[in-house]
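K.L.:
In case it helps, this note's numbering puts the sequence shown at residues 7 to 517.
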Amino acid sequence: MVATLPIPYHDYIFTPNVILVVATFFSFLFSFAMGANDSANSLGTAVGSKSISLRKALLIGGLFEGIGTVLLGAAVSDTIRKSIIDLDTTIEWRDFAAGMLCVLIGGFVFILGATFLNLPVSTTHAVVSATAGWSVVYKGDFSSLNMGKLGTIAASWVLSPVFGGLCAYLMYKVVEATSIKKDEPSQSTQRMMPVYFGVTIFILSMFITVKAFPDEWNVSMLVATIMAVVISIVSTVVFYFTAMKKYKHRYPKGCDEDFPLEEHMKPVEEESEIEVELSEMEDAEEAETVEGEEKEEHKTRRRANSLLRDKDVLGYGSNSDSDSDSSDEEDDNLKVAAHAKFTPGQLMFIPLQVIASFAQALGHGANDAANALAPLGAIVGVWQTESIELENAIPMWATLLTATGIIIGLLVLGHRVIGTIGEGIASVCPRSGFVASFASTLMVLIGSALGLPLSSSHILTGSVVGVSIAKGVPVKWKLVGSIGISWIVTLPASAAATAGFYALIKLGQSS
Numbered sequence: 007m008v009a010t011l012p013i014p015y016h017d018y019i020f021t022p023n024v025i026l027v028v029a030t031f032f033s034f035l036f037s038f039a040m041g042a043n044d045s046a047n048s049l050g051t052a053v054g055s056k057s058i059s060l061r062k063a064l065l066i067g068g069l070f071e072g073i074g075t076v077l078l079g080a081a082v083s084d085t086i087r088k089s090i091i092d093l094d095t096t097i098e099w100r101d102f103a104a105g106m107l108c109v110l111i112g113g114f115v116f117i118l119g120a121t122f123l124n125l126p127v128s129t130t131h132a133v134v135s136a137t138a139g140w141s142v143v144y145k146g147d148f149s150s151l152n153m154g155k156l157g158t159i160a161a162s163w164v165l166s167p168v169f170g171g172l173c174a175y176l177m178y179k180v181v182e183a184t185s186i187k188k189d190e191p192s193q194s195t196q197r198m199m200p201v202y203f204g205v206t207i208f209i210l211s212m213f214i215t216v217k218a219f220p221d222e223w224n225v226s227m228l229v230a231t232i233m234a235v236v237i238s239i240v241s242t243v244v245f246y247f248t249a250m251k252k253y254k255h256r257y258p259k260g261c262d263e264d265f266p267l268e269e270h271m272k273p274v275e276e277e278s279e280i281e282v283e284l285s286e287m288e289d290a291e292e293a294e295t296v297e298g299e300e301k302e303e304h305k306t307r308r309r310a311n312s313l314l315r316d317k318d319v320l321g322y323g324s325n326s327d328s329d330s331d332s333s334d335e336e337d338d339n340l341k342v343a344a345h346a347k348f349t350p351g352q353l354m355f356i357p358l359q360v361i362a363s364f365a366q367a368l369g370h371g372a373n374d375a376a377n378a379l380a381p382l383g384a385i386v387g388v389w390q391t392e393s394i395e396l397e398n399a400i401p402m403w404a405t406l407l408t409a410t411g412i413i414i415g416l417l418v419l420g421h422r423v424i425g426t427i428g429e430g431i432a433s434v435c436p437r438s439g440f441v442a443s444f445a446s447t448l449m450v451l452i453g454s455a456l457g458l459p460l461s462s463s464h465i466l467t468g469s470v471v472g473v474s475i476a477k478g479v480p481v482k483w484k485l486v487g488s489i490g491i492s493w494i495v496t497l498p499a500s501a502a503a504t505a506g507f508y509a510l511i512k513l514g515q516s517s
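(1) Can you tell me whether I214 is helix, strand or coil according to DSSP?
(2) Which stretch, first to last residue, makes up the alpha helix (DSSP H) that contains A174?
(3) Write down every uninterrupted run of the beta strand (DSSP E) in the segment 462 to 509 whose length is 3 residues or greater and which is fully enclosed by it, in chain order.
(4) Excluding the 5 residues flanking V495 on each side, which residues of the same chain have their C-beta closer than 8 angstroms to its C-beta?
(5) Run through DSSP, which three-state label would V434 get?
(6) Leaving aside the five residues before and after A501 along the sequence, list all residues of the same chain whose C-beta is less than 8 angstroms from its C-beta, in chain order.
(7) Measuring only the C-alpha atoms, how far is A46 from T467?
(8) Which residue comes first and which comes last in the alpha helix (DSSP H) that contains A399?
(9) Quick check for students: name the residue ranges of the alpha helix (DSSP H) that lie wholly in the segment 26 to 64, counting only runs of 4 or more.
(10) Can you list, in chain order, the residues of its chain with a C-beta nearer than 7 angstroms to that of F355? Leave out the 5 residues immediately preceding and following it.
(11) For the candidate residues L110, G105, A476, whose alpha-carbon lies nearest to that of F31?
(12) K145: buried (16+ other C-beta within 10 angstroms of its C-beta) or exposed?
(13) Rounded to the nearest angstrom, what separates K252 and S185 at their Cα positions?
(14) Would you mind reading off the limits of the alpha helix (DSSP H) that contains S135?
(15) Please report the residue range of the alpha helix (DSSP H) in which D101 lies.
(16) Check each candidate in C173, V181, K56, S37 and name the one with the smallest Cα separation from F348.
(17) Cβ atoms of L49 and T206: under 8 angstroms apart, would you say?
(18) Taking 6 angstroms as the limit between beta carbons, can you name the residues of its chain near S328, skipping five residues before and five after?
(19) So A367 packs on G171, CB below 8 angstroms; how close in whole Å?
(20) Can you give me the Cβ contacts of F213 inside the same chain, cut-off strictly under 7 angstroms, excluding the 5 residues immediately before and after it?
(21) Using a 10 Å radius around the Cβ and a threshold of 16 neighbouring Cβ atoms, would you call E98 buried or exposed?
(22) Alpha carbon to alpha carbon, how far is W163 from V115? Give it in angstroms, no decimals.
(23) Compare the Cα-Cα distances from A132 to each of E182, P401, S37 and report the closest residue.
(24) Taking the continuous alpha helix (DSSP H) assigned at T21, which residues delimit it?
(25) Using CA coordinates, which residue listed in M227, S149, G428, A378 is at the minimum distance from T405?
(26) Taking V473 and Y175 to be in contact with their CB atoms under 8 angstroms, please state how far apart those CB atoms are, rounded to whole angstroms.
(27) Between which residues of its own chain and L35 is the CB-CB distance below 6 angstroms, once the five residues before and five after are set aside?
(28) What residue range is occupied by the uninterrupted alpha helix (DSSP H) comprising K254?
(29) How would you label S211, buried or exposed, when you count the other beta carbons within 10 angstroms and need 16 or more for buried?
(30) Between which residues of its own chain and G351 is the CB-CB distance below 6 angstroms, once the five residues before and five after are set aside?
(31) Can you tell me the Cα-Cα spacing of T51 and L353, whole angstroms?
(32) For R256 and A120, I'd like the C-alpha separation in whole angstroms.
(33) Thinking C-beta only, is I412 closer than 8 angstroms to A104?
(34) Could you give the residue range of the alpha helix (DSSP H) that holds V386?
(35) Spatial neighbours of F169 within its chain, please: CB distance less than 6 angstroms, with the 5 preceding and 5 following residues excluded, ordered by chain position.
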């Protein structure tokens, strides 16, 4: 004879402590998946353009994601938490906690699946869709769905990539008109670089303010603009008196965009001979006696060898620890070979490309970490009060857990989506990669100011396509189509996964 429990077994299972432990585990997994997919988006163009190695991008990008999450993620999640969760005062706290748990599980399953398919998706859309799926099962009908919110998601499938592509196309044409099509492209780029740098820092400062600062801080657009102007001016002055000197030394007057740098990457055994020639060229008297083709050959060899000798200026990294000298040296040599295919005017954009990508990572960590923190924070409120509570402060351990999950996910699986954004859609160089990153950041700002339903992940994909069209680079439209389908599938797939898990829990409760 089987003993009968005095109360249903799920009252023993779904206690606050049990729910908190399980939710913490799946919140970490959700953060892991988010780091592997959404966080990797911002680093794709930097790695694809060879502006920075994959290893360094993952490590430094993970650091910026973590900083954004720890410093601002919890504050932003308060806003997200209250906007995605439409509470019914009659809901029982166990149902609510189980629903938030299923949102984490359903979102994790979908995002991780998209990551293994190398497809970039929006974690925000996944969370909103998962919440809708739980709501349908809980209510038993579709009356609880926020059709306006779901309509916004559908609109972003079209608006985000189109606006991102148009912005990137126009931005590349501006860069083309101000530097690439000039008589001396490299010198024109060099003269315009402080302007490019100043505008970039201004937009990125605005981006971090709008994307990362929570609404409760009440930072007005005027204050944000003043802050961005000051940061931009100070940064540009520092840039002009530091990096510009290196640019002028590395790319002297007379070098041109069509210089076939790869043809002058001499074997290692010839390097010492070249350096002897270069040291002789330093002597002004002898330099003046070299004429015609011989003088041009000296110039070309000097520039090629400069890449090998001063790798740190281009961002390859040098002076590594002895334990990792061999691997770092291999990475650096591969980077030199890759950069040999780029013109000086393209290589000058490497610092801007790297700065733009890491600023996006910081903003993403501050804003999108809320997608994992919001459901977990709601469950923490249930654990504390055994009631539905959304006003509780999110504890630091939850924020640190989310940051850790994002960083680990980025390090372990981030290369998959990075490869799609940086190399899969189209070939990018430091200049076109920077334009794509800058255009996507600018469109996020414009969309936020105008209230347009735009997704930063979708904008970046459209920006890569737009800049590639402007540059005349072939686009892999089949892959672009697959990415578009994954965006559309986000809504029903996340909703269905969450609804399925919650239905199983309800089935168990009724047994």
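Positions of the beta carbon are idealized from the N, C-alpha and C atoms, including for glycine.
P.N.:
Taking the definition as stated:
(1) Correct three-state label for I214: helix.
(2) A174 -> alpha helix (DSSP H) spans 153 to 181.
(3) Correct list: empty.
(4) The answer is none, since no qualifying residue turns up.
(5) Reduced to three states, the DSSP call for V434 is coil.
(6) G112, S135, A136, A138, G139, V142, listed in sequence order.
(7) In this model, A46 and T467 are separated by some 12 angstroms (Cα to Cα).
(8) For A399, there is no enclosing alpha helix (DSSP H), as DSSP gives it neither H nor E.
(9) Counting only runs of 4 or more, we get 44 to 47, 50 to 54.
(10) Counting only Cβ-Cβ distances below 7 angstroms, and skipping sequence neighbours, we find P436, R437, F440.
(11) When L110, G105, A476 are compared, the shortest CA-CA separation from F31 is found for L110.
(12) Exposed is the call here.
(13) So the two alpha carbons sit approximately 19 angstroms from each other.
(14) According to the DSSP assignment, S135 belongs to the alpha helix (DSSP H) that extends over 129 to 145.
(15) Membership of D101 in the alpha helix (DSSP H) is indicated by the continuous run 99 to 122.
(16) For F348, the closest alpha carbon among the candidates C173, V181, K56, S37 is that of K56.
(17) If you check the CB distance, T206 and L49 do not come in under 8 angstroms.
(18) In this predicted model, S328 has a pLDDT of only 40, less than 50, meaning its place in the structure is not dependable; the value taken from the coordinates is given anyway. Excluding sequence neighbours, S328 sits near nothing in its chain.
(19) About 22 angstroms; that fails the 8 angstroms criterion.
(20) Cβ neighbours of F213 within its own chain (closer than 7 angstroms, five residues either side excluded): A365, G369, T447, V450, L451.
(21) Here E98 is exposed: its Cβ has fewer than 16 other Cβ atoms, across all protein chains shown, within 10 Å.
(22) Here the alpha carbon of V115 sits roughly 21 angstroms from the alpha carbon of W163.
(23) Answer by Cα proximity: S37.
(24) For T21, no alpha helix (DSSP H) segment is defined, and its DSSP state is neither H nor E.
(25) Checked all of M227, S149, G428, A378; the closest Cα to T405 is A378.
(26) About 7 angstroms separates the CB atoms of V473 and Y175; that is less than 8 angstroms, so the two are in contact.
(27) Excluding positions up to five away in sequence, the list reads F114.
(28) Its alpha helix (DSSP H) spans residues 227 to 256.
(29) Burial call: buried.
(30) So the qualifying residues of the chain are P191, S192, T195, E263.
(31) It is roughly 14 angstroms from the alpha-carbon of T51 to the alpha-carbon of L353.
(32) Between the alpha carbons of R256 and A120 lies a distance of about 43 angstroms.
(33) Taking 8 angstroms as the cut-off, the Cβ atoms of A104 and I412 do not count as close.
(34) 376 to 391 is the extent of the alpha helix (DSSP H) around V386.
(35) For F169, the CB contacts under 6 angstroms within the same chain, skipping 5 residues up- and downstream, are M449 in chain order.
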